[in-house]
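Comments concern the structure below.
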Amino acid sequence: MAALCSEFGDLVQIKKQLISVISLCKERGLVHSIMFSLLMHEHVAYVFELEEDAQDMDALGLAKSYFDLKEYDRAAYFLRGCSSQKAYFLYMYSRYLSGEKKKDDETVDSLGPLEKGQVRNEALRELRVELSKKHSAGELDGFTLYLYGVVLRKLDLLKEAVDVFVEATHALPLHWGAWLELCNLITNIDMLKSLSLPDCWIRDFFIAHMYTELQMIKEALQKYQSLIESGFSKSTYIVSQIAVAYHNIRDIDQALALFNELREQDPFRIENMDTFSNLLYVRSMKPELSYLAHNLVGIDKYRVETCCVIGNYYSLRSQHEKAALYFQRALKLNPRCLGAWTLMGHEYMEMKNTSAAIQAYRHAIEVNKRDYRAWYGLGQTYEILKMPFYCLYYYRKAHQLRPNDSRMLVALGESYEKLSQHVEAKKCYWRAYTVGDVERMALLKLAKLHEQLNESDDAAQCYIIYIQDIFSCGEQLEHAEVSTALRYLGQYYFKNKLYEEASLCAQRCCDYNDAREEGKALLRQISQVRDHMEASNTTPVRRVSPLDLSSFSP
Amino acid sequence: MASVHESLYFNPMMTNGVVHANVFGIKDWVTPYKISVLALLYEMTTSKPIALQERRRLNKLILFVCLSGMLPSNSICCETPVSDACCLLSSHTLSLNRLHEMADGELKDMEYFFATLPTPFSAIDSEAYKTSVVGLFMRHMLLAYNKLSFSQVYKLYKALQQYYHSHYSQPGDVQVGLPALAADDSDMDLTSTEDNVGERMEKEELDTAPLHESELSRGPLSQKQAEYFLARQAYLLKNDENKALKPSALQDELNNMLKFNPDFAEAHYLSYLNSMRVQDIFISTHSLLHYFDRLILSGSEGKSNGDEGYGRSLRYAALNLAALHCRFGHYQQADLALQEAIRIAQESNDHVCLQHCLSWLYTLEQMKGSDSSVLTEDSVKMAAHFCLPYLVSLGIQSLVQQGAVQGKTAHELMDALKDTDILHWKHSLSELIDISLAQTTSIWRMYGKSTMAQQQAQLLLNMNSLEQVNFGVQQNNTEAFAVALCHLAELHAEQGLYGAVSEVLKHLKEQFPPHTQHAKLWMLCDLKIQFDRAMNDGKYHLAEPHVTAIAALNKTEGLYRKAQVLKALNRTTEAYSILQRLQLYCEKTKYTEMIIRVMLVTAELHWESSGFATALPLLLQALALARQHHLQALASETILHLAFTQLMLGVPEQALGVLHEAMEPILAHGAVMDKGRALLLAARCQMAMAGTRSNGQKHAALGLAVQSLGEAAAYFSMLDCKERLRDVHYLQARLHHTLGQTPQRNKCAMLFRLLDQELQAPGAAVAMRL
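The listed protein sequences correspond, in order, to chains Z and Y.
Take the first sequence: its letter number 99 is residue 99 in the UniProt record's numbering, and every next letter is one higher.
Take the second sequence: its letter number 744 is residue 744 in the UniProt record's numbering, and every next letter is one higher.
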């Protein structure tokens with residue numbers, strides 16, 4: 001009896017020790033040790049026959065540790081009788097995740113083609129039935145509502161899912177997961193406006209995120225700016241979101257600066273780094289990209305983002321096969337990774353493997369119909385295949401998604417030009433210029449088109465704006481096109497007998513190698529005509545305002 | 001957070017990052033159904049020999065069972081033979097026992113079954129020898145079974161259990177279970193296992209969540225099932241649209257299919273066809289392009305000369321896009337797409353594709369309304385050179401059509417059609433035979449030979465299509481049938497057989513529902529008939545709304561009818577300006593029939609203002625034109641007009657002479673209305689002539705006139721054309737009065753009086769109209 005008593009005393013002692021060591025381990029994240037201690041503790045508790053509530057707590061703790069160890073079925077088993085909301089959520093959530101895991105496992109060994117695509121999470125239906133019962137009884141809290149929404153979404157019951165997620169945000173506005181899920185389900189701005197969302201500060205984050213998703217970058221930036229001003233200035237989340245937004249509107253410098261800032265604050269961050277690498281790629285910053293790639297490989301080489309960065313790195317080094325390989329790896333890690341599909345399409349384009357490129361782009365579109373880059377890529381592929389009419393459809397799609405992106409407009413214009421649809425082509429080029437031409441090609445193309453159609457006044461006008469544009473932006477771009485413009489303008493002024501301007505243009509022509517000879521020839525002609533004119537003395541007719549180049553220096 | 005929910009599955013179909021569209025190269029998978037077939041075969045090979053006749057029947061069934069293993073069950077009764085075959089075998093109980101053993105036993109029973117299957121390599125004497133069909137099937141199955149992984153075997157076993165228990169209702173009592181098997185077999189199917197899980201779940205769910213579950217409950221189709229489904233639907237869409245699924249249902253089905261198997265490119269093509277049915281340009285373009293995007297890959301994969309494969313599909317992609325735009329009437333877009341197709345076909349020297357492009361090119365030109373006969377001739381020559389009979393005869397048919405409009409002589413056209421017919425029968429191009437017959441119908445009708453037209457139309461409708469009757473559908477939903485039926489309706493309407501007309505139209509409405517492609521044909525035909533009826537009855541207010549409807553379907557026709565109504569309503573100036581415009585337009589487009597008709601109506605307008613002399617040259621011109629184009633019906637009509645004009649100008653002898661020329665063809669081929677009008681006119685000429693003659697001759701002439709009037713009255717009463725009947729009775733009464741035949745006179749006068757009261761409106765003066 002005494003022995004038993006001492007044992008009993010020991011047990012009390014043991015229980016206390018166990019509880020303390022559990023919390024210590026918890027703080028340090030030693031999941032396996034926690035589980036051992038919990039098992040012991042459960043045994044002790046069983047001996048004591050504790051009251052139900054405490055048992056519930058114990059079961060929850062044990063289940064949680066199983067859950068942490070990804071043993072979902074085990075977790076669910078120990079939670080089956082628990083009544084608290086928390087336990088119920090964990091119970092349902094582990095069942096859901098267990099189903100998901102099994103689904104993934106089963107995909108590999110299916111019983112033939114008819115099972116492919118048929119593999120589904122069998123737990124979903126049961127979960128839905130149980131959750132919908134509870135839902136109609138109004139017994140779900142914010143988390144379970146969220147889970148219910150996820151289940152509905154997985155079952156493709158999107159309408160119901162939206163309703164449930166909205167409810168979940170009302171029940172628990174601070175749970176970002178529900179907002180994020182909602183974000184994936186909203187397809188357009190009207191839908192967003194029609195939802196009644198809880199009035200909470202987190203709502204602003206959601207709206208900003210939504211704007212970014214819907215390509216309403218300006219609104220998104222405004223929203224983020226106001227969030228920063230209201231005190232979230234140090235948040236890496238906001239910084240990264242703004243950087244992504246800048247990336248989307250092709251404001252590369254801003255985005256790069258922000259990403260650099262982000263990396264300083266959070267050097268081991270992997271999230272969004274693929275976007276960063278895209279920016280570096282666009283700017284051809286090889287050393288930076290290389291550094292980033294090596295850095296990320298050091299952190300975790302089996303991450304989608306890492307693979308994308310490495311892919312970009314190889315692509316920049318023109319090793320397209322290797323790049324494609326890394327994008328493939330990214331896709332193996334997550335087949336729904338949109339960016340990787342598109343980037344892989346680009347790589348195949350580089351390798352002149354058009355059919356594979358088309359496939360890759362198509363996959364990207366399947367993942368997300370709103371991916372304008374994939375549509376644009378498809379258009380480019382068909383353009384390479386010399387099917388300008390065929391690619392129109394794809395460019396149009398891309399343009400629909402990004403109405404203010406000059407690249408699509410220029411591409412559309414080029415296709416129209418190839419089809420001899422000059423009116424449409426002109427419209428496209430002009431529109432591309434007005435929405436802010438990134439590559440500064442639209443005007444030049446417009447001018448050339450006018451030149452082709454013998455609309456010399458319009459052509460001259462375009463060249464003038466083009467030259468002013470080029471000089472005012474201050475950057476040194478390739479000179480060939482400026483010289484073409486100057487050459488044409490020189491000839492144009494000469495024809496219209498504006499010899500002052502003509503000679504000015506001709507002189508400017510001489511600054512460029514490829515136009516020097518023509519510039520000199522024109523100068524000679526002008527001086528000849530002038531000599532001749534002084535003899536006859538006639539007044540020239542003015543049509544276009546003379547080009548004022550005095551303020552610019554080439 | 002979100003990524004937790006994303007499926008992390010490794011895509012097994014991907015090699016080198018490219019997803020292969022067809023990974024289903026291996027089509028042999030062991031399924032519960034096949035296990036039961038195997039069990040049956042096993043029994044067959046081991047059992048004692050049976051009678052020869054029985055054996056033969058059994059063998060047939062076995063062949064069917066083996067091959068149909070993957071076909072959808074509910075479409076053909078392909079599955080019931082299993083039980084039939086079981087019954088045939090004296091040891092059928094054994095066979096089922098075997099299954100029962102497996103299903104109720106353990107996994108080892110199934111493993112044992114496969115182990116004991118006679119290997120086709122060892123069994124030399126039996127039916128399961130390696131080269132026999134059965135042997136092949138067994139070998140496939142054994143191979144597939146041996147390839148299964150551990151968990152797959154377990155899954156297969158689970159599936160077998162479910163399959164068995166869901167179909168063999170009483171597993172304990174096999175004998176009783178047998179009829180259940182026969183009945184249940186209709187859905188004995190590969191997917192049924194999944195379905196049943198779904199069903200069971202649904203029963204539970206139904207009371208708790210009555211939400212739309214349809215998309216969930218429908219299991220995915222197997223590859224073969226999907227192929228069969230697509231082939232069937234596509235065939236039905238082409239040949240008998242009404243038997244195909246409703247557009248929305250079909251789209252649902254396709255979406256479902258694509259959800260489970262996004263690589264099934266053919267589904268996109270069917271979706272394209274389906275959205276064409278409902279005139280949805282967005283989805284159809286999208287689906288078409290998607291299909292070809294998919295095809296490009298599969299095309300390049302299968303061919304040894306890699307590049308050629310997908311280049312080809314590129315060309316056809318552009319061509320199809322052109323066809324799509326053509327169908328939607330976007331001629332400019334179609335033109336651009338076609339040019340593109342032609343360019344890339346030229347670059348790769350694909351003559352066959354070029355020929356297709358060319359035939360589309362002339363079709364497009366025709367649709368745009370410009371003359372494309374040169375192009376068509378080229379197309380025919382080139383297609384003949386490249387041995388493409390379909391395109392050749394299509395081209396010739398198109399040429400015939402153009403030639404007919406442009407006034408080529410009949411024998412040339414008929415010769416051409418005869419030649420193509422020979423071609424069709426040689427190559428069994430049943431579709432073109434139909435078109436050819438429909439074309440002949442149209443040509444005969446254009447020439448005004450109603451009997452011949454009717455005969456040809458009947459020939460088409462009664463012809464058994466050459467094509468094998470697939471899916472219980474005969475080709476009767478094509479444009480050719482619509483055209484022939486419309487002609488029939490109009491021909492019947494001409495003869496005043498309105499009951500028959502409504503029958504035909506009812507049939508047309510059923511065959512070609514209003515949303516379908518060829519529905520416009522019968523709509524126009526229906527409206528024309530109604531319009532003509534209303535005009536003949538003098539109910540102009542009824543005819544007027546039809547004009548707008550006709551104009552919506554056919555602008556030229558609409559204008560013409562509008563002019564007719566305006567003329568009838570005495571709004572002469574407006575009518576005249578419309579006719580002028582119409583004539584100019586028709587001369588530009590060389591629409592001869594319409595030109596003549598317009599001239600006739602213009603002449604009628606001249607009559608209204610008593611400008612008989614001015615109408616004369618117009619009518620002569622029309623007559624010349626009609627004769628030049630061999631348009632007999634129109635020529636006769638013109639002659640009628642001419643005769644009337646002459647009568648009005650006071651030369652009844654001349655008029656009668658001219659009229660006699662037209663009388664014969666009118667009585668032979670003309671519409672009842674024309675017959676009546678011709679006779680009435682003849683009578684009036686005779687009356688006019690009688691006035692100048694001596695008494696005795698006068699009596700005889702008047703007698704003739706009475707006779708003619710009687711016949712005319714018969715014709716008019718057939719059409720129930722009261723206004724004209726009233727005129728006839730009036731004239732009859734007058735004649736009888738002159739002839740002193742009082743009772744007849746009184747009778748006619750009474751008839752006149754009755755009609756006059758009924759009609760009330762005084763109507764146009766008898767003298768002033770034809």
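All C-beta atoms, glycine included, are put in the ideal place defined by N, C-alpha and C.
Being a predicted model, the structure only gives us computed values, none of them experimental.
Given residue i as reference, the closest of the options once Cα atoms are compared
i: residue 772(Y); options: Ala534(Y), Asn695(Y), Ile596(Y); result: Lying before the first or after the last residue shown, residue 772(Y) is absent from chain Y, which here runs from 1 to 770.
i: Lys520(Z); options: Met533(Z), Cys505(Z), Tyr246(Z), Glu534(Z); result: Cys505(Z)
i: Gly369(Y); options: Thr589(Y), Glu227(Y), Gly329(Y), Met750(Y); result: Thr589(Y)
i: Leu38(Y); options: Lys108(Y), Phe386(Y), Met673(Y), Arg139(Y); result: Arg139(Y)
i: Ile228(Z); options: Phe205(Z), Leu157(Z), Arg263(Z), Leu145(Z); result: Phe205(Z)
i: Met276(Y); options: Gln517(Y), Asn349(Y), Thr363(Y), Ala457(Y); result: Gln517(Y)
i: Gln455(Y); options: Leu600(Y), His492(Y), Ile422(Y); result: His492(Y)
i: Met673(Y); options: Lys722(Y), Ala705(Y), Ser694(Y), Glu661(Y); result: Lys722(Y)
i: Cys200(Z); options: His170(Z), Leu147(Z), Gln380(Z), Tyr96(Z); result: His170(Z)
i: Gly710(Y); options: Met452(Y), Leu680(Y), Asn695(Y), Ser393(Y); result: Leu680(Y)
i: Thr342(Z); options: Gly379(Z), Ser65(Z), Arg317(Z), Gln319(Z); result: Gly379(Z)
i: Lys154(Z); options: Trp179(Z), Leu127(Z), Leu172(Z); result: Leu127(Z)
Cross-chain neighbours of residue i in chain Z, by beta carbon under 9 Å
i: Arg294(Y); result: Ile358, Gln359, Arg362
Where residue i falls: helix, strand or coil (DSSP)
i: Phe268(Z); result: coil
i: Ala285(Z); result: Residue identity check: residue 285(Z) is Met in the sequence provided, not Ala. Met285(Z) falls in the coil class under three-state DSSP.
i: Cys82(Z); result: coil
i: Gly403(Y); result: helix
i: Gly703(Y); result: helix
i: Pro247(Y); result: helix
i: Ser609(Y); result: coil
i: Ser379(Y); result: helix
i: Asp419(Y); result: helix
i: Asn570(Y); result: coil
i: Asp756(Y); result: helix
Interface residues of chain Y facing residue i [CB-CB closer than 9 Å]
i: Leu185(Z); result: The premise fails here: Leu185(Z) is roughly 11 Å from chain Y at the closest Cβ pair, so nothing lies under 9 Å.
Any chain Z beta carbon closer than 8 Å to residue i
i: Glu215(Y); result: Low local confidence applies: a pLDDT of 35 at Glu215(Y) is under 50, so the model's placement there is unreliable, with the coordinate-based value given in what follows. For Glu215(Y), the answer is yes, since a Cβ of chain Z falls inside 8 Å of its Cβ.
i: Thr556(Y); result: no
i: Leu289(Y); result: yes
i: Leu314(Y); result: yes
i: Leu143(Y); result: no
i: Met201(Y); result: Note that Met201(Y) scores 37 on pLDDT, short of 50, meaning its location in the model is unreliable; the coordinates nonetheless yield the value given after this. Yes, because at least one Cβ of chain Z sits closer than 8 Å to the Cβ of Met201(Y).
i: Ile283(Y); result: no
i: Leu321(Y); result: yes
Contact list for residue i against chain Y, beta-carbon separation under 8 Å
i: Tyr488(Z); result: In chain order: nothing, as chain Y lies at least about 30 Å away.
i: Pro388(Z); result: Glu340
Chain Y contact for residue i (CB, 8 Å cutoff)
i: Met349(Z); result: no
i: Thr372(Z); result: The sequence given here places Tyr at residue 372(Z); Thr does not occur at that position. False, the Cβ-Cβ gap to chain Y never drops below 8 Å.
i: Tyr393(Z); result: yes
Burial state of residue i, where buried means 16 or more other Cβ atoms lie within 10 Å
i: Arg303(Z); result: buried
i: Pro335(Z); result: buried
i: Lys223(Z); result: buried
i: Lys16(Z); result: exposed
i: Leu158(Z); result: exposed
Beta carbon proximity, residue i to chain A, threshold 8 Å
i: Ser355(Z); result: As a matter of chain content, chain A is missing from the structure shown, whose protein chains are Z and Y.
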